[in-house]
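> Residue numbers (this note's numbering): -3 to 223.
Got a structure here, written out as structure tokens. Questions coming.
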Amino acid sequence: MAFIGCNDDDVVNYNLEVGAYFQGIYLNDTAVYAPVLIAEFNPKPVSLTAIDKNEDKYVLESYWAGDYSYRWIPIETDYSKAPLEENTFKFTAIFEDTEQNIEKNASISLSTVPEPFKITETNYISERSELIVSWENTNADMFIVQISTNLTESPIFQSFNLIPDTEEIEENTQLTTTIKKSTLKWFSAAQNGEVYIVSVHAFNLKNGDINKITGEFIATKNIVWGK
């Protein structure tokens, strides 16, 4: 263990930024919804929790995207087909120096979630080792396509942010992207014969800002890589 010296003039700037939105997904062919809670901070807190207006408590934890960002991500039993249409969360970050504890609020609304949609086709072309993914056009602001073994864990592939232009949205009933082995953003290689989840994440954004998500809907489909 390394110890870093400091002097009394060193100042730690305590910071907490929070966000929340509804995430929708199909379970048993029914659209269901749950909150996603996000917090970014410096320095790392001892604990980070949120309480909603029903006094339900959420414990945010680290996840694959970074050391200075915690999330509360729903699992299957957290989703509901009839959640509160609006909710408010009070986040509390507790630091080693408890005098620096920070509280912040974030609100969510079901009205800002993209309309439910489904993946219409996945087509693997073996000659070119590429996967074509098509999905219903849900008029979202941005899409991200992932390949994973579990939706709550780090994907093996994540596309760049896909932002369709207005003409593309207006003229097409479905959208398509092609994933190649040579495409950037592979975190590990897909293995022939293995089962993966292809997920298309549709996001609505506040004023077009990719860092301000107001709602998400996820469409999924299981595939066998190479077939």
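The beta carbon of each residue, even a glycine, is placed where N, CA and C say it ideally should be.
Taking only three categories from DSSP, how would you classify ASP205?
strand
> What's the C-alpha gap between ASN119 and VAL196?
Computed Cα separation, rounded: 15 Å.
> Looking at PHE213: is its Cβ nearer than 9 Å to the Cβ of ALA198?
By the CB criterion at 9 Å, PHE213 and ALA198 fall inside the cutoff.
> Quick check: LEU171 and TRP131, are their CB atoms within less than 9 Å of each other?
yes
> Secondary structure at LEU224, three-state DSSP: helix, strand or coil?
Given that the chain is displayed from residue -3 to residue 223, the structure contains no residue 224 and the question cannot be resolved.
> What separation, rounded to the nearest whole angstrom, lies between the Cα atoms of PHE(-1) and TYR64?
Unreliable placement is indicated for PHE(-1), whose pLDDT of 37 sits below 50; the coordinate value is still reported in the next sentence. Cα-Cα distance, rounded: 21 Å.
> For the structure I just gave you, are there three or more beta carbon pairs, one from the segment 197 to 211 and one from the segment 81 to 98, closer than 8 Å?
no
> Beta-carbon within less than 6 Å of GLY15's beta-carbon, same chain only, minus the 5 sequence neighbours each way: which residues are those?
ILE34, ALA102
> Starting from GLN142, trace the beta strand (DSSP E) in both directions and tell me its first and last residue.
138 to 144
> Under a three-way DSSP split, which group does GLU72 fall into?
helix
> Only counting runs of 3 or more residues, tell me where the beta strand (DSSP E) segments fall wholly within the segment 13 to 38, in order along the chain.
Within the segment 13 to 38, the runs of beta strand (DSSP E) at least 3 residues long that lie entirely inside it are, in chain order, 26 to 38.
> Can you check whether the CB of PRO31 is closer than 9 Å to the CB of PHE85?
A Cβ-Cβ contact shorter than 9 Å links PHE85 with PRO31.
> Within this structure, are the beta carbons of ILE90 and VAL194 separated by less than 9 Å?
9 Å or more divides the Cβ of ILE90 from the Cβ of VAL194.
> Say whether the segment 130 to 144 touches the segment 44 to 54, bearing in mind that this needs 3 or more beta-carbon pairs closer than 8 Å, one atom from each stretch.
no
> In this structure, what does DSSP give as the bridge partners for LYS181?
Answer is none; LYS181 lacks a bridge partner.
> Taking DSSP's pairing of strands, which residues face THR45 in a bridge?
VAL55, THR88
> Given a cut-off of 9 Å, decide if VAL191 and THR145 are closer than it, judged by their beta-carbon atoms.
yes
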